[in-house]
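Structure, as structure tokens:
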Amino acid sequence: MNNLIIAGKSYSSRLLVGTGKYKDFTETRLAIESSGAQIITVAIRRTNIGQNPDEPNLLDVLPPSKYTLLPNTAGCYTLDDAVRTLRLARELLDGHRLVKLEVLGDPKTLYPNMIETLKAAEILVKENFDVMVYTSDDPIIARQLEEIGCVAIMPLASLIGSGMGILNPWNLQIIIDNAKIPVLVDAGVGTASDAAIAMELGCDGVLMNTAIAAAQNPVLMASAMRKAVEAGREAFLAGRMARKLYSASPSSPTSGIIASKPPK
Amino acid sequence: MIELTINGQPQQFESALNVQQLIEQLDLQGKRIAIERNGEIVPRSQFSELALVDGDQLEVVVAVGGG
């Protein structure tokens, strides 16, 4: 009941994590284990020809048998590059369909180019990819991505790698309220409370990388994020109390107090 | 002699070869890789059949850490 369903597959963890920026593969593995994540993103890059033939491979450390790999198109600035990258990913991962599409618009902000993203999403859906899509927090664009046939919408909370937290909860709320497919905050989470807030808003999950990898203690932060996502989800399901500005309500009985009456 | 561009770098080969032979020459056999030739995916099942020709542009990729 409380599982995250993406493209028909059920996941007990609602925290998705990236595998970049870690000190080494050991730290990557330990942080990911500590996060409890079941879906992990990977990037697709040119192999080093003629260098370090015995270099360990990421997929040996994080085997597809253990994790659902989510190949991304990080670094792609055109729909053509993004589509080619994911076709390569599908071949690399033996016909794997679940992918993360992102088409970036500028290297300084890494803000997504939504025109190219929409076009790329259309092509990928036609080619039978299950597309989880990185998007701006524009509710209309989010709706269009859903109409195209993406399997999850992943709006930014703030810029990739910025750790600035959730800058526009109101837009996220509109996207969540409108969507019939999972909405995951992707990018911008800085610390555990940010992840909890995203989940309290009703997000179906959170995807992060830098918030864990760039923490002083990534393995401990991964554990904090796991708890924050779980706590935020439970708070959302529980339904928070109404906010009552200037209307305090004591939790203890108001009668039988030995003291004098409060001031009027 | 044929010239192939592999991951953006031109490289010369003494004689014609197929994709499987190229993988062996590059010491990539047994590695988890995917290959694109002139913008089209080369399925693994075609590695031994597909003959490379002078001027082919190849991309050889792996999965790496990323977010």
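Protein chains in written order, with the numbering used here: chain A, 2 to 265; chain B, 612 to 678. Each residue gets a CB set at the ideal place from its N, CA and C atoms; glycine is no exception. Values in this document were obtained by computation on a predicted structure and should not be read as measured data.
Rounded to the nearest whole angstrom, the C-alpha separation of residue 226 of chain A and residue 676 of chain B is 19 Å. Following the DSSP letters along the chain, one finds residue 110 of chain A in no alpha helix (DSSP H), marked with neither H nor E. Secondary structure at residue 169 of chain A: coil, using DSSP grouped into helix, strand and coil.
Taking a C-beta distance under 7 Å as the contact criterion, residue 234 of chain A and residue 200 of chain A qualify as a contact pair. If you check the CB distance, residue 17 of chain A and residue 206 of chain A come in under 7 Å.
Residue 89 of chain A places its beta carbon 7 Å or farther from that of residue 674 of chain B. The residues 104, 106, in chain order, have a CB closer than 6 Å to that of residue 114 of chain A in the same chain once the five nearest residues on each side in sequence are set aside.
Using a CB distance cut-off of 7 Å, residue 643 of chain B counts as an interface residue toward chain A.
The beta carbon of residue 174 of chain A is closer than 8 Å to those of 202, 203 in its chain, skipping five residues each way along the sequence. At a cut-off of 7 Å between C-beta atoms, residue 618 of chain B counts as an interface residue with respect to chain A.
Within the stretch 117-147 of chain A, no residue places its CB atom closer than 9 Å to a CB of chain B.
Using a Cβ-Cβ cut-off of 9 Å, residue 654 of chain B is close to 92 of chain A, given in chain order. The Cβ atoms of residue 153 of chain A and residue 185 of chain A sit closer than 7 Å to each other. In chain order, 674, 675, 676, 677 make up the part of chain B whose C-beta sits under 8 Å from the C-beta of residue 43 of chain A.
Under the Cβ criterion (8 Å, minimum of three pairs), the stretch 141-151 of chain A counts as touching the stretch 178-194 of chain A.
Approximately 12 Å separates the beta-carbon atoms of residue 63 of chain A and residue 27 of chain A; this is outside 8 Å, ruling out the contact. Counting of Cβ neighbours within 10 angstroms places residue 129 of chain A among the exposed residues, the total staying below 16. Looking at the backbone, the Cα of residue 240 of chain A and that of residue 122 of chain A are separated by about 34 Å. Against residue 264 of chain A, chain B offers no close residue; the least beta-carbon distance is about 56 Å (beta-carbon pairs closer than 8 Å).
Non-local beta-carbon contacts of residue 172 of chain A in its own chain, meaning distances under 6 Å to residues more than five positions away in sequence, involve 138 in chain order. Nearest neighbour of residue 132 of chain A by Cα position, chosen from A:39, A:155, A:116, turns out to be A:155. Chain-ordered, the chain B residues with CB closer than 7 Å to the CB of residue 59 of chain A read 674, 675, 676.
When the beta-carbon positions are compared, residue 230 of chain A and residue 196 of chain A come within less than 7 Å of each other. A direct Cα-Cα distance of roughly 44 Å separates residue 242 of chain A from residue 124 of chain A. Around the beta carbon of residue 221 of chain A, fewer than 16 other beta carbons lie within 10 angstroms, which makes this residue exposed.
In the three-state scheme derived from DSSP, where H, G and I count as helix and E and B as strand, residue 66 of chain A is classed as coil. Here residue 48 of chain A is not near residue 613 of chain B, since their CB atoms are 7 Å or more apart.
Counted as a single uninterrupted DSSP element, the alpha helix (DSSP H) harbouring residue 233 of chain A occupies residues 219-239. In this structure residue 191 of chain A touches residue 166 of chain A by the C-beta definition: roughly 5 Å separates them, less than 8 Å. Exclusion of the five residues before and after residue 641 of chain B leaves no residue of its chain whose Cβ lies closer than 6 Å to its Cβ.
In its chain, beyond the 5 residues on either side, 106 have a beta carbon closer than 6 Å to the beta carbon of residue 112 of chain A. Rounded to the nearest angstrom, the gap between the Cα atoms of residue 100 of chain A and residue 246 of chain A is 44 Å. Residues of chain A whose Cβ lies closer than 9 Å to the Cβ of residue 650 of chain B are, in chain order, 81, 85.
For residue 207 of chain A, the enclosing beta strand (DSSP E) stretches over residues 206-209. The residues 14, 16, 17, 18, in chain order, have a CB closer than 7 Å to that of residue 38 of chain A in the same chain once the five nearest residues on each side in sequence are set aside.
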